[in-house]
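*Asks:* In UniProt numbering, the protein residues as written are 1 to 287.
Take a look at the following structure, please.
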């Protein structure tokens with residue numbers, strides 16, 4: 001791009017259009033001169049009206065406006081641009097979603113979880129994570145084959161997607177491990193949701209290539225933020241959820257574990273500590 005705005009006066013253009021082009025290029029070049037960062041590149045798009053693509057090519061050639069890419073937006077020429085937009089959207093979707101289940105992948109989950117946790121801390125509302133792992137999934141693959149195993153994964157992914165609110169997020173973190181992000185959900189609410197999904201998953205019957213029918217279960221752990229800025233992190237929540245998942249596995253699988261089992265029940269199993277009870281149902285600790 002030239003160091004000073006090009007001279008459009010020699011071109012056969014309307015004076016008003018010439019002024020527009022000169023003003024735009026001058027502002028862009030002045031800003032780039034101040035903010036430029038060597039080694040970086042990007043595409044800059046500016047909408048130009050009342051000028052045909054052929055006229056622009058002529059202008060760019062005469063004034064040596066190298067590095068400018070012109071894309072047609074006329075009605076008859078819009079199809080290639082629309083296809084480009086659709087392709088970019090699909091590439092973005094593929095980057096952020098698991099190809100088998102259609103759920104968010106680990107990349108998108110991590111990004112959204114950090115955003116939601118910061119929002120939860122600002123608004124003093126709970127954020128619950130539910131870590132889910134299909135029980136004995138290796139045996140399913142070894143016994144019935146990976147094609148059947150993929151059907152099990154897809155079925156659970158479909159159940160998770162259908163069970164959530166519009167602002168919840170279900171992700172496949174890898175293998176047979178999934179995670180739910182539930183903004184505003186307390187431990188009890190997240191636990192109840194996980195149990196409903198587990199009941200639905202138990203009821204699904206799968207069939208092997210030989211016609212053998214079988215069903216699957218999963219184990220899950222629930223962790224909920226406690227609105228402690230600087231202490232609540234996504235890493236800590238995932239670790240806590242994973243700890244409760246491990247507890248569910250060690251207790252026999254096919255169940256959901258949360259802080260109720262480890263932190264809430266006092267020495268008298270019939271009593272629940274006041275502060276913890278308030279946290280479970282409201283997401284806030286008693287003062």
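Note that CB positions come from ideal geometry on N, CA and C, so glycine has one too.
Use the C-beta contact count for residue 16: other C-beta atoms within 10 angstroms, 16 or more gives buried, fewer gives exposed.
*Replies:* With fewer than 16 other Cβ atoms within 10 Å, it is exposed.
*Asks:* Is the distance from the Cβ of residue 219 to the Cβ of residue 248 below 7 Å?
*Replies:* Going by C-beta atoms, residue 219 is nearer than 7 Å to residue 248.
*Asks:* Between which residues of its own chain and residue 167 is the CB-CB distance below 7 Å, once the five residues before and five after are set aside?
*Replies:* For residue 167, where only same-chain residues beyond five positions count, the Cβ hits under 7 Å are 183.
*Asks:* Report all residues from its chain with a CB closer than 7 Å to the CB of residue 207; omit the five preceding and five following residues, and keep chain order.
*Replies:* Cβ within range, chain order: 213.
*Asks:* I'd like the span of the beta strand (DSSP E) that includes residue 149, first residue to last.
*Replies:* From DSSP, residue 149 is part of no beta strand (DSSP E) but of the alpha helix (DSSP H) over 146-163.
*Asks:* Closest to residue 109 by C-alpha separation, out of 121, 118, 96 and 102, would be which residue?
*Replies:* It is 96 whose Cα lies nearest to the Cα of residue 109.
*Asks:* Would the segment 115-135 count as touching the segment 175-193 if we require 3 or more Cβ pairs under 8 Å?
*Replies:* The answer is yes - the segment 175-193 touches the segment 115-135, with three or more Cβ pairs under 8 Å.
*Asks:* Does the beta-carbon of residue 92 have 16 or more other beta-carbons within 10 angstroms, so that it is buried, or is it exposed?
*Replies:* Burial call: exposed.
*Asks:* For residue 288 and residue 188, I'd like the C-alpha separation in whole angstroms.
*Replies:* Residue 288 lies beyond the range of the chain shown here (1 to 287); nothing can be said about it.
*Asks:* Just verifying my parser: in three-state terms, what is the DSSP assignment at residue 109?
*Replies:* Looking at residue 109 - three-state DSSP - the assignment turns out to be helix.
*Asks:* In the DSSP output, what is residue 216 paired with across the bridge?
*Replies:* Residue 216 pairs with nothing; no bridge assigned.
*Asks:* What are the residues that DSSP puts in a beta bridge with residue 131?
*Replies:* Beta-bridge pairing links residue 131 to 179 and 221.
*Asks:* Just to check my reading of the structure: residue 100 and residue 154 have Cβ atoms closer than 8 Å, yes? What is that Cβ distance to the nearest angstrom?
*Replies:* With a Cβ gap of about 6 Å, residue 100 and residue 154 count as contacting.
*Asks:* State the Cα-Cα distance for the pair residue 90 and residue 251, rounded to the nearest angstrom.
*Replies:* The straight-line gap from Cα to Cα measures roughly 42 Å.
*Asks:* By Cβ distance below 8 Å, which residues in the same chain neighbour residue 150 in space, the five residues on each side in sequence not counted?
*Replies:* Hits under 8 Å: 100.
*Asks:* What are the boundary residues of the alpha helix (DSSP H) that residue 202 is part of?
*Replies:* Residues 187-202.
*Asks:* If you count every other CB in all the chains shown that lies within 10 Å of the CB of residue 279, and 16 or more means buried, which is it?
*Replies:* Residue placement at residue 279 is poorly supported in this model, since its pLDDT is 46, which falls under 50; the coordinates still yield a value, given next. Counting Cβ neighbours within 10 Å, residue 279 comes out buried, since at least 16 surround it.
*Asks:* Beta-carbon separation of residue 137 and residue 176 under 7 Å?
*Replies:* It is a contact, given that the beta carbons lie within the stated cut-off.
*Asks:* Taking just the CA atoms, how far does residue 196 sit from residue 225?
*Replies:* Residue 225 and residue 196: Cα-Cα distance of roughly 22 Å.
*Asks:* For residue 170, which three-state DSSP category applies?
*Replies:* The answer is strand: DSSP assigns residue 170 an E or B state.
*Asks:* Count the other CB atoms, across all protein chains shown, that sit within 10 Å of the CB of residue 300; report buried if there are 16 or more and exposed otherwise.
*Replies:* An answer regarding residue 300 cannot be provided, because it is not within the stretch 1 to 287 covered by the chain.
*Asks:* Suppose you measure from the CA of residue 209 to the CA of residue 114; what does that come to, to the nearest Å?
*Replies:* Each residue's Cα considered, the two are about 42 Å apart.
*Asks:* Rounded to whole angstroms, what's the CA-CA distance from residue 88 to residue 94? Just pull it up for me.
*Replies:* About 10 Å.
*Asks:* So the candidates are 158, 22 and 254; which of them puts its Cα closest to the Cα of residue 102?
*Replies:* Residue 102 has its Cα closest to that of 158, out of 158, 22 and 254.
*Asks:* Apart from the five residues just before and just after residue 234, which ones in its own chain have a Cβ nearer than 6 Å to its Cβ?
*Replies:* Closer than 6 Å at Cβ, skipping near neighbours: 113, 114 and 117.
*Asks:* Across which residues does DSSP place residue 116 in a beta bridge pair?
*Replies:* None; residue 116 has no bridge partner.
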